[in-house]
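Notes follow once the structure below has been shown.
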Amino acid sequence: MVNFNQIPLNVEEEETDNSSFYLAIGDLMSGVLMVFALLFITTLLQLQEAKEQLSQQRRIFVGELVGHLKGNEIDVKVNEETGEVSVREAILFDEGSAQLKREGKAELSKFIPLYSQMIFSNPDFEREISRVIIEGHTSSKGSYEANMELSLMRALAVTRYIFSEELQFASKAELTPKIMAAGRGEIEAEPEYDHPNDRKVVFRFQFRGEEIGTLD
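Residue numbering for the sequence shown follows my numbering, beginning at 13 and increasing consecutively.
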């Protein structure tokens, strides 16, 4: 004969087992979330540290670059924040032309060896600087398409001169694989008027992992 008094006891035991199971699952999930939170915080700290090291390397390189260029009286403009080096159109090209002038080649023959020496005289700079980007820039005079084409042709003209047999310097073989030419056209020019300062060729270096800066 069935003892019905035992049935409620079995149900209570089952409910107790289920409660214990859910508590265990909750504790496990809490532990997993804690691990992921710690990993996330650790990764952010590592990225911040890498970004700070990158900024420090950039400041050191820019400081040394500015000092060397001023000491050698080279006719370029250096942005002391970014390290970008600008060479005026009037030095390198006739207006509307992408053919390097004799004076332009003479100025590049002084600047490029020194710029390259700055990169390869320090193992940290050599390792961390992944690209030297040569950018052509124009003013807003003329059509957008023509300016984009002219800026690219000028960047390529400077690049070809660096690659050519005309220009020889100690670290040329190391520098050339890092060089990339780009045309910026009138993107950064004054839109309202034709400003001579907008017509230039810019040398810009890029560090490995510089995309870390996009985390801001």
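We treat Cβ as the ideally placed atom computed from N, Cα and C, and that holds for glycine. The structure displayed is predicted, hence computed values, not measured ones.
Item	Value
Proximity below 8 Å, CB of Tyr173 to CB of Leu112	yes
8 Å Cβ cutoff met for Glu147 and Arg216	yes
Secondary structure of Ile146, DSSP reduced to three states	strand
Rounded straight-line distance, which links the Cα of Arg70 to that of Leu168	26 Å
Where Asn91 falls, given that 16 or more other Cβ within 10 Å makes a residue buried	exposed
Test item: CB-CB of Phe73 and Phe132 under 8 Å	no
6 Å Cβ shell around Leu187 - same chain, five flanking residues per side excluded	Ser128
Contact between the segment 194-213 and the segment 151-162 (3+ Cβ pairs under 8 Å)	yes
Closest Cα partner of Asp206 within the set Val44, Gly75, Ser183, Gly108	Gly108
Beta carbon of Ser98 nearer than 8 Å to that of Leu179	no
Opening and closing residue of the alpha helix (DSSP H) in which Gly116 lies	114-132
Nearest-angstrom Cα separation, counted from Thr171 out to Ile145	10 Å
Cβ shell of Phe16 (< 7 Å), same chain only, five flanking positions each side left out	Summary for Phe16: the model assigns pLDDT 49, below 50, so the residue's position carries little reliability; its value from the coordinates is reported in the next sentence. So the list is empty, once near-sequence residues are dropped.
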